[in-house]
Amino acid sequence: MSKVQEIAAAVEAGKAKVIGGLVEEAIKEGCDPLEILNVGMIDAMGVVGEKFRNNEIFVPEMLVAARAMKKGVEVLKPHLAGDNSATVGKYIIGTVAGDLHDIGKNLVAMMIESAGFEVIDLGVDVPAEKFVEAIKANPDCKVVGLSALLTTTMPAMKDTVAAIIDAGLKAQVKIMVGGAPITQEFADEIGADAYTADAASAAQKAKELVA
Ligand code: B1M
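Numbering follows this note's numbering, with no gaps: position 140 of the sequence shown is 307.
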């Protein structure tokens, strides 16, 4: 079994205690940090989701897998982060109301930070009003990112975009959306400025939006 496969197995089994060591070993052996992230962690979480869908595992197992991935990302972060010495602007991000998923949102925040933005992370289960307050409190912020992982919280994403527009803040900020159930079509329908499928393209798109 390759080191990346060992990492994937550790994520799937929720082995938070061993994953940091495995990531360090993989880096020392010369594994590509992006391969560790994409194959060792993100794909492994996909397997976890599939098992949950098939009733082979339940919420507690999903939770321990998520903890293991978070630990792994902590160790991997310095190897993924690029040169963030130049600040290109502020970026407000959060997972919308009713949604507690934050692994994808955290990865997006990490890549956005690496792209040179100062990230203001509002966390998870963020009500629309909190996004509006944060944008008002940061008049120099030009981009806001909304994440949603549940089909049931897509309406909260729509409400958040509407609240930002109703507050008259649309001229100040561009709105980016993403998360597993989100599509370009949905982004267009709710009036968001951009949709991206993954963290790396989110960072690229954010830079384009402020250019
Ligand atoms: Co949840 N969960 N979960 N869960 N969970 C999913 C999302 C699910 C697809 C599993 C399944 O059924 N196969 C399903 C949703 C089904 C649906 O809506 N159609 C589901 C469910 C049902 C639930 C609960 C309702 C379960 C229950 O209680 N019965 C519950 C809801 C809680 C709530 O939020 N209110 C729940 C709870 C949980 C845990 C707490 C146990 C845990 C989350 C822990 C945490 O995040 N701290 C969890 C997990 C881990 C998952 C899965 C297995 C993995 C999610 C993940 O972290 N993926 C997930 C199944 C799956 O996705 N395959 C599942 C890895 C991550 C890197 O990917 O988040 O997609 P992702 O982020 C990507 C892109 O989407 C994108 O970039 C990221 C990186 O490239 N992206 C953006 C994300 N945000 C972006 C923003 C952008 C741009 C790109 O711009 C701003």
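Just so you know, even glycine gets a beta-carbon here, dropped at the ideal spot from N, CA and C. Predicted model only: the values in this text are computed from it and were never measured.
Span of the beta strand (DSSP E), counted from its first residue to its last, around residue 303: Along the sequence shown, read from residue 1 onward, the residue named residue 303 stands at position 136. Counting along the chain, residue 303 falls outside any beta strand (DSSP E), though it belongs to the alpha helix (DSSP H) covering 295-304.
Under 9 angstroms between C-beta atoms of residue 296 and residue 258: The residue given as residue 296 occupies position 129 in the sequence shown. The residue given as residue 258 occupies position 91 in the sequence shown. Cβ atoms of residue 296 and residue 258: not closer than 9 angstroms.
Selected residue, minimal CA-CA separation from residue 369, among 352, 324, 313: The count along the sequence shown starts at 1 and reaches residue 369 at position 202. Out of 352, 324, 313, 313 has the C-alpha closest to the C-alpha of residue 369.
Start and end residues, alpha helix (DSSP H) containing residue 372: Counted from its first residue, the sequence shown places residue 372 at position 205. That run of the alpha helix (DSSP H) goes 366-377.
Check: residue 350 C-beta below 8 angstroms from any heavy atom of the ligand B1M: Taking the sequence shown and counting its residues from 1, one reaches residue 350 at position 183. No, since every heavy atom of the ligand B1M falls outside the 8 angstroms radius drawn around the Cβ of residue 350.
Between the CA atoms of residue 232 and residue 212 - distance to the nearest angstrom: By one-based count along the sequence shown, residue 212 stands at place 45. By one-based count along the sequence shown, residue 232 stands at place 65. Rounded to the nearest whole angstrom, the C-alpha separation of residue 212 and residue 232 is 7 angstroms.
Straight-line Cα distance separating residue 228 from residue 219: If you number the sequence shown from 1, residue 219 lands on position 52. If you number the sequence shown from 1, residue 228 lands on position 61. As the crow flies, the alpha-carbon of residue 219 is around 9 angstroms from that of residue 228.
heavy atom of the ligand B1M below 8 angstroms from residue 219 C-beta: For the purposes of this step, residue 219 is identified with residue 52 of the sequence shown, where counting begins at 1. Short note on residue 219: C-beta closer than 8 angstroms to some heavy atom of the ligand B1M.
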